[in-house]
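Residues 1 to 276, numbered by full-length UniProt numbering, are exactly what the sequence shown covers, in order.
Just so you know, even glycine gets a beta-carbon here, dropped at the ideal spot from N, CA and C.
Read through the structure below, which is laid out as structure tokens, and then see the notes.
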Amino acid sequence: MSSTTWIFDSNIQPDELKLRTKSQSYAYGRRLYTFQMGQEMYWLKFHLTNTNPILQAAFQHELSFYQSCSSDNASFLIDHRIISLAQQSSVLRDLGEGIGLVVLDSVPFFTDLNPCQPLETIKQMIQQALYALGELHQMGWIHGDLKVEHFRLYKNTCRLIDFEQSLQLHHETHNLNATPHYMAPELFHGKNKSVQSDLYALGIILYEWLTQTKLRANSYHDWAVLHCQQLQLQVSKQLEPFLPLLKGLTQKHSEQRLCSVLDAQVLLNDINLLQK
1 MSSTTWIFDS
11 NIQPDELKLR
21 TKSQSYAYGR
31 RLYTFQMGQE
41 MYWLKFHLTN
51 TNPILQAAFQ
61 HELSFYQSCS
71 SDNASFLIDH
81 RIISLAQQSS
91 VLRDLGEGIG
101 LVVLDSVPFF
111 TDLNPCQPLE
121 TIKQMIQQAL
131 YALGELHQMG
141 WIHGDLKVEH
151 FRLYKNTCRL
161 IDFEQSLQLH
171 HETHNLNATP
181 HYMAPELFHG
191 KNKSVQSDLY
201 ALGIILYEWL
211 TQTKLRANSY
221 HDWAVLHCQQ
231 LQLQVSKQLE
241 PFLPLLKGLT
251 QKHSEQRLCS
261 VLDAQVLLND
271 INLLQK
């Protein structure tokens with residue numbers, strides 16, 4: 001039985017309800033709350049009707065994504081429920097109308113990296129992240145907006161969150177909303193998102209995690225120049241075994257980049273050979 005079955009009991013009142021929405025998103029109608037029920041912490045996400053149509057459509061798309069993938073018991077998802085606010089306890093009912101998404105709380109998957117961390121442990125974590133992303137791709141979806149905060153640790157495994165920009169494979173789109181920090185070079189040239197643009201974003205996430213650094217740019221144009229022309233990967237001597245994987249994920253030209261999560265997993269498994 002799911003630990004979120006409580007949500008259907010309208011007599012239960014949540015505790016410690018806190019608004020977490022950023023000010024600009026709040027002005028556009030987005031609502032994001034945390035609250036506690038017993039020993040568990042939850043996130044509630046919904047969008048007010050008749051507000052910003054783009055954000056409202058993105059949230060509806062995410063709900064559709066969860067409905068589609070939940071029927072397939074996707075193990076990359078965190079336990080969740082789609083609820084009608086009108087049918088909940090007064091504390092939640094008074095927040096707004098319509099449909100909400102409740103997701104159990106989780107912690108970041110990519111935390112600060114200990115300089116003494118065994119390479120085998122690092123390798124296992126990368127394997128977990130690849131497995132989660134690979135399952136998403138195998139189900140016919142592209143995440144479309146991977147960031148480091150979208151990889152979560154839940155029940156001792158890597159999970160993914162935030163699917164508002166997700167796309168079905170081979171879906172043609174002219175809406176290329178993404179975060180410039182993690183955007184593949186071809187996206188700056190108006191190309192469609194793909195498995196390989198997801199892989200590029202993961203490559204940037206892994207590079208920053210392994211080096212404990214952050215790429216910096218001041219504008220969209222600067223990010224474009226960085227990703228399309230200037231990106232140079234440098235890692236410590238200890239982490240050099242991971243360099244072939246990082247380079248394979250972050251090739252500037254998509255035709256030279258790794259084609260799939262499976263290719264990345266094969267390359268990762270060869271790391272032991274590279275260390276001999």
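### Message
Which runs of the alpha helix (DSSP H) at least 4 residues long sit entirely within the segment 45-105? Give them in chain order.
### Response
53-70, 90-93
### Task
Evaluate G144 with the Cβ neighbour count: other Cβ atoms within 10 Å of its Cβ, from every protein chain shown; 16 or more gives buried, anything less gives exposed.
It is buried - the Cβ of G144 has at least 16 other Cβ atoms within 10 Å.
### Query
In the DSSP assignment, what are the bridge partners of D15?
Q36
### Query
So is Y66 buried or exposed if we call it buried at 16+ other beta carbons inside 10 Å?
buried
### Query
Are V103 and L17 touching if we call contact CB-CB under 8 Å?
no
### Coil, strand or helix - Q168 by DSSP
strand
### Task
Answer yes if the segment 51-63 comes into contact with the segment 108-119, meaning at least three C-beta pairs across the two stretches below 8 Å, and no otherwise.
As far as the Cβ criterion goes, the segment 108-119 does not touch the segment 51-63, which means the pair count is below three.
### Message
Could you tell me the alpha carbon to alpha carbon distance between S260 and A201, rounded to whole angstroms?
### Response
13 Å
### Query
At which residues does the alpha helix (DSSP H) containing T250 begin and terminate?
For T250, there is no enclosing alpha helix (DSSP H), as DSSP marks it with neither H nor E.
### Task
Could you spell out where the beta strand (DSSP E) holding T179 opens and where it closes?
Annotation: T179 is outside any beta strand (DSSP E) and is labelled neither H nor E by DSSP.
### Task
Please report the Cβ distance between L246 and L206, rounded to the nearest whole angstrom; I am assuming they are in contact, meaning their Cβ atoms lie under 8 Å.
6 Å
### Message
By the three-class DSSP mapping on this structure, what secondary structure does M183 have?
### Response
Three-state result, M183: coil.
### Query
Helix, strand or coil: how does DSSP classify P115 here?
coil
### Message
Does the contact criterion of 3 or more C-beta pairs under 8 Å hold for the segment 159-171 versus the segment 70-77?
### Response
yes
#### Entry: Sequence-distant residues of its chain with Cβ nearer than 6 Å to G29 (five each side left out)
Contacts found: H47, L48, T51, N52.
### Query
Excluding the five sequence neighbours on either side, which residues of its own chain have a C-beta within less than 6 Å of the C-beta of A264, listed in chain order?
L130, L258
### Task
Could you give the DSSP three-state label for V235: helix, strand or coil?
coil
### Query
Since R152 sits in a beta bridge, which residues does DSSP pair it with?
P108, R159
### Message
With distance defined between alpha-carbon atoms, name the residue in E164, L226, L169, Q127 nearest to A184.
### Response
Nearest of E164, L226, L169, Q127 to A184, Cα basis: L226.
#### Entry: DSSP state of C28 mapped onto helix, strand, coil
The sequence given here has Tyr at residue 28, not Cys. Note: Y28 maps to coil in three-state DSSP.
#### Entry: Cα-Cα separation between C69 and E135, rounded to whole angstroms
Approximately 11 Å between the Cα atoms of the pair.
### Query
Hey, would you say the C-beta of I271 is under 7 Å away from at least one heavy atom of the ligand PLP?
Although the ligand PLP was asked about, the structure shown includes no ligands whatsoever.
### Task
Locate the alpha helix (DSSP H) running through A217, then write down its first and last residues.
Note, A217: premise wrong, no alpha helix (DSSP H); not H, not E.
### Task
Leaving out five residues on either side along the sequence, give the residues of the same chain with a beta carbon under 6 Å from the beta carbon of A224.
F188
### Task
May I ask which residues mark the beginning and end of the alpha helix (DSSP H) holding D270?
Run containing D270: none; DSSP gives neither H nor E here.
#### Entry: DSSP three-state assignment for M139, whether helix, strand or coil
coil
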